[in-house]
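Following our numbering from start to finish, the sequence shown increments by one per residue and tops out at 397. Report on the following structure.
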Amino acid sequence: MIQLATRVKQVTPSLTLAITAKAKEMKSQGIDVCSFSSGEPDFDTPQHIKEAASSALAQGKTKYGPVAGEPGLRQAIAHKLNNDNRLNYSAENIIVTNGGKHSLFNLMLALIDKGDEVIIPAPYWLSYPEMVKLAEGNPIIVNTTAETDYKITPEQLRQAITKKTKLFVLNSPSNPTGTVYQPEEIKALAQVIVDHNLWVVSDEIYEKILYDGTEHISIGSLGEEIFKRTIISNGFAKSYAMTGWRIGYLAGPQELIKATSTIQSHSTSNVCTFAQYGAIAALENPESSPCLQTMLDAFTQRRQAILDRIRAITQLSCPTPMGAFYVFMDISQTGLNSLEFCDGLLEKQQVAAIPGKAFGADNCIRLSYATDLASIEKGMDRIERFVNTL
Ligand SMILES: Cc1ncc(COP(=O)(O)O)c(C=O)c1O
Numbered sequence: 008m009i010q011l012a013t014r015v016k017q018v019t020p021s022l023t024l025a026i027t028a029k030a031k032e033m034k035s036q037g038i039d040v041c042s043f044s045s046g047e048p049d050f051d052t053p054q055h056i057k058e059a060a061s062s063a064l065a066q067g068k069t070k071y072g073p074v075a076g077e078p079g080l081r082q083a084i085a086h087k088l089n090n091d092n093r094l095n096y097s098a099e100n101i102i103v104t105n106g107g108k109h110s111l112f113n114l115m116l117a118l119i120d121k122g123d124e125v126i127i128p129a130p131y132w133l134s135y136p137e138m139v140k141l142a143e144g145n146p147i148i149v150n151t152t153a154e155t156d157y158k159i160t161p162e163q164l165r166q167a168i169t170k171k172t173k174l175f176v177l178n179s180p181s182n183p184t185g186t187v188y189q190p191e192e193i194k195a196l197a198q199v200i201v202d203h204n205l206w207v208v209s210d211e212i213y214e215k216i217l218y219d220g221t222e223h224i225s226i227g228s229l230g231e232e233i234f235k236r237t238i239i240s241n242g243f244a245k246s247y248a249m250t251g252w253r254i255g256y257l258a259g260p261q262e263l264i265k266a267t268s269t270i271q272s273h274s275t276s277n278v279c280t281f282a283q284y285g286a287i288a289a290l291e292n293p294e295s296s297p298c299l300q301t302m303l304d305a306f307t308q309r310r311q312a313i314l315d316r317i318r319a320i321t322q323l324s325c326p327t328p329m330g331a332f333y334v335f336m337d338i339s340q341t342g343l344n345s346l347e348f349c350d351g352l353l354e355k356q357q358v359a360a361i362p363g364k365a366f367g368a369d370n371c372i373r374l375s376y377a378t379d380l381a382s383i384e385k386g387m388d389r390i391e392r393f394v395n396t397l
């Protein structure tokens with residue numbers, strides 16, 4: 008047996024990727040699987056973005072580039088953060104990374120020392136605690152419930168803070184719950200962060216996927232004091248249907264961004280050079296807005312369809328998600344835990360969903376509605392049948 012490093016033994020492999028792989032394998036065997044497991048838009052990357060990358064490739068943008076990103080892209084990101092999010096950053100405050108996941112991983116390595124505590128509200132995106140552990144920090148999980156719309160309260164945050172607390176992780180809109188914090192709720196959390204001189208990382212990867220006129224507020228825009236303590240993580244995967252491109256970014260104080268750049272210089276170096284030109288087009292080309300709107304219109308319709316079906320099944324419930332493309336459904340009235348529910352559902356009805364246990368909530372499962380309406384209806388028919396036969 009190989010004597011692996013201790014850090015690997017502490018980390019749980021991604022359950023989302025495991026279930027998605029199992030569903031794919033069943034599909035390849037000819038089994039008719041309905042998948043609610045996907046964490047990516049089922050749309051293709053808009054044509055103008057593809058063309059910008061193709062043209063950069065044709066022009067020979069195929070060499071190593073600056074570690075922190077192509078200057079034009081860092082500039083375009085800074086411009087976007089100023090315009091969309093009221094965050095006063097310049098290009099030097101930005102590092103371009105291999106996706107939002109890599110941004111967060113870089114950040115944990117640059118900021119977290121052995122024993123530092125990182126406060127993470129549950130349900131959480133499953134990689135946060137594992138990244139903290141890989142950086143030798145301690146994830147401190149604070150449970151939230153459907154009654155508070157899965158939002159951490161300022162009081163809960165205050166109570167979780169100790170002398171070792173270094174960072175608070177905020178994710179709005181949230182994966183897996185779709186929760187979006189209101190401006191006054193973010194303001195109250197910001198006050199606690201400033202009072203205790205903590206850092207906050209705001210993962211804003213779903214910022215553009217919002218419903219019913221809901222607004223996204225970036226915590227760093229709420230004043231000079233909170234701005235100094237804020238790091239923004241974002242990327243192109245969800246808003247521009249660019250999951251496979253692997254482009255994300257981190258924005259924050261220059262000293263911290265330089266530190267992440269040093270780490271990146273010894274790990275992945277720069278992000279694929281020609282791909283970064285596609286990202287510039289995503290931010291600068293006016294055609295991006297109608298493409299986003301097309302996705303949003305589809306998600307809005309599907310969200311309503313899936314909510315109508317869930318609410319017609321008495322043993323299931325969920326709050327109305329105001330952002331992202333997930334519903335986080337309480338299954339506790341079925342008497343099953345989330346692994347039993349998802350295993351049974353896949354085995355008996357060939358429906359793939361993600362157990363809430365992966366997100367720190369074993370009484371729920373996550374359904375992604377980034378799939379067509381017909382599949383949603385068919386999948387929900389099967390879920391209804393599964394629940395009725397329990
Ligand atoms: C909340 C959240 N943050 C970050 C990411 C990372 O996205 P990517 O690495 O594809 O840019 C994801 C992807 O699913 C996510 O759901």
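Backbone N, C-alpha and C fix where the C-beta goes; we use that ideal spot for every residue, glycine too. On a predicted model such as this, the values are computed, not experimentally measured, just so you know.
Which residues have a Cβ closer than 6 Å to any heavy atom of ligand 1, listed in chain order? GLY46, GLY106, GLY107, LYS108, TRP132, ASN178, ASN182, ASP210, ILE212, GLY242, ALA244, THR250 and GLY255
GLY255 and ASN92 - do their beta-carbons sit closer together than 9 Å? Here residue 92 is taken as the residue at index 85 of the sequence shown, counted from 1. Here residue 255 is taken as the residue at index 248 of the sequence shown, counted from 1. Against a cut-off of 9 Å, the Cβ pair of GLY255 and ASN92 comes out as no contact.
Could you give the uninterrupted runs of the beta strand (DSSP E) lying entirely in the region 213-254, keeping only those of 3 residues or more? 237-242
Have a look at GLY79 and GLU58 and give me their C-alpha separation to the nearest angstrom. One-based indexing of the sequence shown puts residue 79 at position 72. One-based indexing of the sequence shown puts residue 58 at position 51. When rounded, the distance between both Cα atoms is 17 Å.
Which value, in whole angstroms, describes the spacing of the CA atoms of CYS41 and THR172? If you number the sequence shown from 1, residue 41 lands on position 34. If you number the sequence shown from 1, residue 172 lands on position 165. Going by the C-alpha atoms only, they are around 42 Å apart.
Tell me, please, which residues DSSP counts as bridged to SER324. Counted from its first residue, the sequence shown places residue 324 at position 317. Answer by DSSP bridge pairing, in chain order: ASP337.
Simplified DSSP assignment, three categories, for SER42: Here residue 42 refers to the residue found at position 35 of the sequence shown. The answer is strand: DSSP assigns SER42 an E or B state.
So ILE383 and ILE313 are supposed to be a Cβ contact under 8 Å. How far apart are they, rounded? Indexing the sequence shown from 1 puts residue 383 at position 376. Indexing the sequence shown from 1 puts residue 313 at position 306. Confirmed, Cβ separation roughly 5 Å.
If you pair each beta-carbon of the region 326-338 with each one of the region 361-376, do three or more pairs fall below 8 Å? yes
Cβ-based burial, HIS223 [other Cβ within 10 Å; buried from 16]: Residue mapping note: residue 223 aligns to position 216 of the sequence shown, counting from 1. So HIS223 counts as buried.
Residue from THR307, GLY227, ALA153 and VAL199 with nearest C-alpha to ILE412: Here the chain has residues from 8 to 397 only, and residue 412 is not among them.
Can you tell me whether HIS273 is buried or exposed, with buried defined as 16 or more other CB within 10 angstroms of its CB? Counting from one through the sequence shown, the residue named residue 273 turns up at place 266. By the neighbour-count rule (16 or more Cβ atoms within 10 Å), HIS273 is not buried but exposed.
Cutoff 6 Å; reference PRO183; Cβ partners in own chain excluding five residues on either side: As a first step, residue 183 must be located in the sequence shown, where it is residue number 176. Within the same chain, PRO183 has close Cβ partners PRO130, TYR333, PHE335, PHE366 and ARG373.
Out of ASN100, TYR71 and ILE84, which one is the CA nearest neighbour of PRO260? By 1-based counting over the sequence shown, the position of residue 260 is 253. When each option's Cα is compared against that of PRO260, the closest is ASN100.
Per DSSP, MET374 is paired with what? Taking the first residue of the sequence shown as 1, we reach residue 374 at position 367. Just to set this straight, residue 374 is Leu in the shown sequence, not Met. Per DSSP, VAL334.
Cβ-Cβ distance between ILE26 and ILE390 below 9 Å: In the sequence shown, residue 26 corresponds to position 19, counting from 1. In the sequence shown, residue 390 corresponds to position 383, counting from 1. No, they are not a contact pair.
Rounded to whole angstroms, what is the Cα-Cα separation between PHE348 and GLY185? As a first step, residue 348 must be located in the sequence shown, where it is residue number 341. As a first step, residue 185 must be located in the sequence shown, where it is residue number 178. Rounded to whole angstroms, PHE348 to GLY185 spans 21 Å at the Cα level.
Provide the residue(s) that pair with ILE102 in DSSP beta bridges, ordered along the chain. The count along the sequence shown starts at 1 and reaches residue 102 at position 95. Note: ILE102 sits in a beta bridge opposite LEU257.
With distances taken Cα to Cα, identify the nearest neighbour of VAL199 among SER225, ASN277, LEU257 and ALA167. Counting from 1 along the sequence shown, the entry for residue 199 is found at position 192. Nearest option by C-alpha distance: ALA167.
Between which two residues does the beta strand (DSSP E) carrying GLN210 extend? Within the sequence shown, the letter at position 203 stands for residue 210. This sequence places Asp at residue 210; Gln is not what is there. 206-210 is the extent of the beta strand (DSSP E) around ASP210.
CB-CB length for GLY285 against ILE56, believed under 8 Å: For the purposes of this step, residue 285 is taken as the residue at position 278 of the sequence shown. For the purposes of this step, residue 56 is taken as the residue at position 49 of the sequence shown. Indeed they touch by this definition, with Cβ atoms about 5 Å apart.
Just mark ASP51 as buried or exposed, buried being the case when its beta carbon has 16 or more other beta carbons within 10 Å. Locating residue 51 in the sequence shown gives position 44, counting from the first residue. By the neighbour-count rule (16 or more Cβ atoms within 10 Å), ASP51 is not buried but exposed.
Hey, quick one: how far does the beta strand (DSSP E) through PRO180 stretch, first residue to last? Numbered from its first residue, the sequence shown carries residue 180 at position 173. That residue, PRO180, is in no beta strand (DSSP E); it is neither H nor E in DSSP.
Report yes or no: do the region 200-211 and the region 229-238 share at least 3 C-beta pairs separated by less than 8 Å? yes
For the beta strand (DSSP E) containing PRO73, list its first residue and its last residue. Residue mapping note: residue 73 aligns to position 66 of the sequence shown, counting from 1. Where PRO73 is concerned, there is no enclosing beta strand (DSSP E), given that its DSSP letter is neither H nor E.
Where does the unbroken alpha helix (DSSP H) through ALA360 begin, and where does it stop? Looking up residue 360 in the sequence shown gives position 353. Note, ALA360: premise wrong, no alpha helix (DSSP H); not H, not E.
Buried versus exposed, by CB contacts within 10 Å (16 or more), ILE226: Walking along the sequence shown from the start, residue 226 turns up at place 219. Buried, because 16 or more other Cβ atoms sit within 10 Å of the Cβ of ILE226.
How long is the line joining the alpha carbons of LEU141 and THR396, rounded to whole angstroms? Within the sequence shown, numbered from 1, the residue matching residue 141 stands at position 134. Within the sequence shown, numbered from 1, the residue matching residue 396 stands at position 389. Answer to the nearest angstrom: the Cα atoms are 42 Å apart.
Look up LEU31 in the DSSP assignment and say whether it is helix, strand or coil. Taking the sequence shown and counting its residues from 1, the one referred to as residue 31 is at position 24. In the sequence as displayed, the identity of residue 31 is Lys instead of Leu. Three-state DSSP puts LYS31 in a helix.
At least 3 beta-carbon pairs within less than 8 Å: the region 62-70 vs the region 278-293: yes
So, helix, strand or coil for ILE148, using DSSP? Numbered from its first residue, the sequence shown carries residue 148 at position 141. If DSSP states are grouped into helix, strand and coil, ILE148 belongs with the strands.
Taking the Cβ atom as the reference point for each residue, do MET302 and THR221 lie within a distance shorter than 9 Å? Translated into positions along the sequence shown, residue 302 becomes position 295. Translated into positions along the sequence shown, residue 221 becomes position 214. Contact: no.
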